[in-house]
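Residue numbers (our numbering), protein chains in the order written: chain S, 1 to 160; chain P, 1001 to 1210. Every residue, glycine too, gets a C-beta built ideally from N, C-alpha and C. Quick caveat: nothing in here was measured; it's all calculated off a predicted structure.
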Amino acid sequence: MALRPFEEIVVEHGRVVMRVCRALLGPADAEDAWAETFLAAMKAYPGLRPDSNVRGWLVTIAHRKAIDQIRAINRAPRPASELPDIPSKEGLAAEDRHELRAALDGLPFKARHAVIYHYLGGLPYAEVGSLLETSEAAARRSAADGIAKLRTTYSKGSSR
Amino acid sequence: MNATTNAGDQQVIDDLSALFPANDDDTDADLHDLLAERADAASLLDVAYRTIDSPIGRLLLAATPEGLVRIAFELEDHCAVLARLADEISPRILRSPGRLDAAAAQLEEYFAGRRRQFDLPIDLQLAHGFRRTVLGHMREIAYGTTASYTAIASAAGRPAAVRAAGSACATNPLPVIVPCHRVVCSDGSIGQYLAGTEVKQALLDMEAAA
């Protein structure tokens, strides 16, 4: 089985990878991380097994790129104040967005990444686990802990 | 999501999704351009492609760093053509109009009757052996003129290989630019064309009138 043209990979998975990059990094770094992720993927692509899980592979690359980027600039993810002020269609108010972003950024490493990869990247827990070098069950627990923590720090979550 | 997810969890999950909405089309396009630019600079863009509209339908243009490698008619199914390029050349393929600006401009001039010769680097790696030799000779047939399959076979050094000259035309990876439409039967009939004989006739008529 031959590999599909890389263009199809970009079109199919570009948006999910961008959501993950936005969640891992601030908006200023997300575009760069997205481009570097797909560039690294394109470089390695001819060696990819055609039956691979492409989304999981891309999110893994994005994960490494984001970690590299955070290490390189030696700082925590951008503070919530740097969220772009685009009104979201789903009608999340500005204060809720800032609060939720801050709550997400404040999660412990594994919980934060498990939440991002499972709920925004759409990866099953088995893959989240291998990405975070832990088991499927532990990844599931990390994501649950993350959501629980968000409910306590994000007022709209705790109000229900 | 498992059954134990309750309403409060769901609220948080929904709001997280809303916090990172999917890109709009403009953002997609900007990101795609950024990637194509970096891929080209890193010598990773093995095949760049774009489509153009023409009087003979939508054409797919594809180029390697060496030059134009493929022109495909709409009826060839552009998706299928790209899949074959991924297999035969490299899967590192992106839609990237930049590398094809010159080809697109020259084709537009050609179809407007304002260009008689193409001045473009071409990459004939998709043609092999005798067929490739035939394509080389086909490029010498001047605008507005025709040559017979027999004459082309002779020019390529194998006068008896008329059928093989015909298949070189039929499998020409760069129609229009390598003018297989100018190759006709020695009895004066127009012969075949991948995009249909009416397209071949239209190109010959256009060249005769310009």
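Can you name the residues of chain P whose CB is closer than 8 angstroms to the CB of residue i?
i, result
"A35 (chain S)", "L1031, L1034, L1035, R1038"
"D96 (chain S)", "D1015"
"A137 (chain S)", "The premise fails here: A137 (chain S) is roughly 12 angstroms from chain P at the closest Cβ pair, so nothing lies under 8 angstroms."
"A2 (chain S)", "A1083, A1086, D1087, P1091"
"Y119 (chain S)", "I1013, L1016, S1017"
"V128 (chain S)", "Within chain P, no residue comes near V128 (chain S); the closest Cβ sits about 14 angstroms away, beyond 8 angstroms."
Ends of the alpha helix (DSSP H) at residue i?
i, result
"T1145 (chain P)", "Taken as a continuous stretch (DSSP letters only), T1145 (chain P) belongs to no alpha helix (DSSP H), as it is neither H nor E."
"V1176 (chain P)", "Segment: none, V1176 (chain P) is in no alpha helix (DSSP H) and carries neither H nor E."
"D1098 (chain P)", "Strictly speaking, residue 1098 (chain P) in this sequence is Gly, with Asp absent from that position. No alpha helix (DSSP H) holds G1098 (chain P); DSSP gives it neither H nor E."
"I1122 (chain P)", "Where I1122 (chain P) is concerned, there is no enclosing alpha helix (DSSP H), given that its DSSP letter is neither H nor E."
"R140 (chain S)", "136 to 153"
"P27 (chain S)", "27 to 44"
"D1024 (chain P)", "No alpha helix (DSSP H) contains D1024 (chain P), which DSSP labels as neither H nor E."
"A1210 (chain P)", "Run containing A1210 (chain P): none; DSSP gives neither H nor E here."
"G106 (chain S)", "Segment: none, G106 (chain S) is in no alpha helix (DSSP H) and carries neither H nor E."
"E12 (chain S)", "6 to 24"
"D1009 (chain P)", "1007 to 1019"
"A1168 (chain P)", "1162 to 1170"
"G1113 (chain P)", "Element bounds for G1113 (chain P): n/a, residue is neither H nor E."
"R49 (chain S)", "That residue, R49 (chain S), is in no alpha helix (DSSP H); it is neither H nor E in DSSP."
In terms of alpha-carbon separation, which member of the options lies closest to residue i?
i, options, result
"T1150 (chain P)", "P:P1173, P:Q1117, P:S1186, P:P1121", "P:S1186"
"G1157 (chain P)", "P:G1144, P:L1174, P:D1033, P:M1138", "P:M1138"
"E1140 (chain P)", "P:R1116, P:D1024, P:G1129", "P:R1116"
"D1101 (chain P)", "P:L1061, P:S1154, P:T1027", "P:L1061"
"M18 (chain S)", "S:L120, S:K110, S:L48", "S:L120"
"P50 (chain S)", "P:A1086, P:P1179, P:D1119, P:L1135", "P:A1086"
"M1206 (chain P)", "P:D1119, P:V1176, P:G1188", "P:V1176"
"E8 (chain S)", "S:A30, S:C21, S:A23, S:A41", "S:A41"
"C1180 (chain P)", "P:T1051, P:T1145, P:E1074", "P:T1145"
"H1078 (chain P)", "P:T1051, P:R1131, P:A1155", "P:T1051"
"A139 (chain S)", "S:A44, S:V10, S:V54, S:Y125", "S:Y125"
"A94 (chain S)", "P:F1020, P:G1196, P:P1173, P:D1028", "P:F1020"
"L107 (chain S)", "S:T37, S:Y154, S:T134, S:L92", "S:Y154"
"D1046 (chain P)", "P:D1053, P:E1037, P:T1064, P:T1197", "P:T1064"
For residue i, return the contacting residues in chain P, with the cut-off set at a CB-CB distance below 9 angstroms.
i, result
"D29 (chain S)", "Neighbours of D29 (chain S) on chain P: none; closest Cβ ~13 angstroms, over 9 angstroms."
"P108 (chain S)", "The premise fails here: P108 (chain S) is roughly 16 angstroms from chain P at the closest Cβ pair, so nothing lies under 9 angstroms."
"Y125 (chain S)", "Within chain P, no residue comes near Y125 (chain S); the closest Cβ sits about 10 angstroms away, beyond 9 angstroms."
Which residues in chain S have a C-beta closer than 7 angstroms to the C-beta of residue i? List them in chain order.
i, result
"V1012 (chain P)", "I147, L150, R151, Y154, G157"
Looking at residue j and residue i, is the spacing between their C-beta atoms short of 8 angstroms?
i, j, result
"L1126 (chain P)", "E1088 (chain P)", "yes"
"V1199 (chain P)", "G1191 (chain P)", "no"
"L1094 (chain P)", "A1048 (chain P)", "yes"
"I1056 (chain P)", "A1208 (chain P)", "no"
"L39 (chain S)", "L1044 (chain P)", "yes"
"L1059 (chain P)", "A1072 (chain P)", "yes"
"L1204 (chain P)", "L1120 (chain P)", "no"
"G56 (chain S)", "L123 (chain S)", "yes"
"D105 (chain S)", "K156 (chain S)", "no"
"V20 (chain S)", "A72 (chain S)", "no"
"V1134 (chain P)", "I1152 (chain P)", "yes"
"A1018 (chain P)", "L92 (chain S)", "yes"
"R112 (chain S)", "G1008 (chain P)", "no"
Pull up the CB-CB distance for residue i and residue j, whole angstroms please, since I reckon it's below 8 angstroms.
i, j, result
"L1031 (chain P)", "A28 (chain S)", "Incorrect: roughly 14 angstroms between the Cβ atoms, too far for contact."
"P46 (chain S)", "L3 (chain S)", "7 angstroms"
"P1097 (chain P)", "F6 (chain S)", "About 16 angstroms separates the two Cβ atoms, so there is no contact after all."
"A143 (chain S)", "A114 (chain S)", "4 angstroms"
"E31 (chain S)", "L1174 (chain P)", "That pair is no contact at about 36 angstroms."
Could you give the residue range of the beta strand (DSSP E) that holds residue i?
i, result
"L1061 (chain P)", "1059 to 1063"
"T1051 (chain P)", "1047 to 1052"
"R1072 (chain P)", "Arg is not the amino acid found at residue 1072 (chain P); the sequence shown has Ala there. From DSSP, the beta strand (DSSP E) with A1072 (chain P) extends over 1068 to 1072."
"L1094 (chain P)", "1093 to 1095"
Which chain P residues sit within Cβ distance under 7 angstroms of residue i?
i, result
"E7 (chain S)", "I1093, L1094, R1095"
I want to verify the contact list: residues of chain S whose CB lies under 9 angstroms from the CB of residue i, in sequence order.
i, result
"V1042 (chain P)", "Here the sequence assigns Ala to residue 1042 (chain P), which means Val is not the residue at that position. Chain S residues near A1042 (chain P): L39, M42, K43."
"A1022 (chain P)", "R15, V16, M18, R19"
Which residues in chain S have a C-beta closer than 8 angstroms to the C-beta of residue i? List them in chain order.
i, result
"D1028 (chain P)", "G14, R15"
"D1077 (chain P)", "Correct list: empty, because the minimum Cβ distance to chain S is about 13 angstroms."
Give a yes or no on whether the minimum CB-CB distance between residue i and chain A is below 8 angstroms.
i, result
"V10 (chain S)", "In the displayed structure, chain A is absent; the protein chains listed are S and P."
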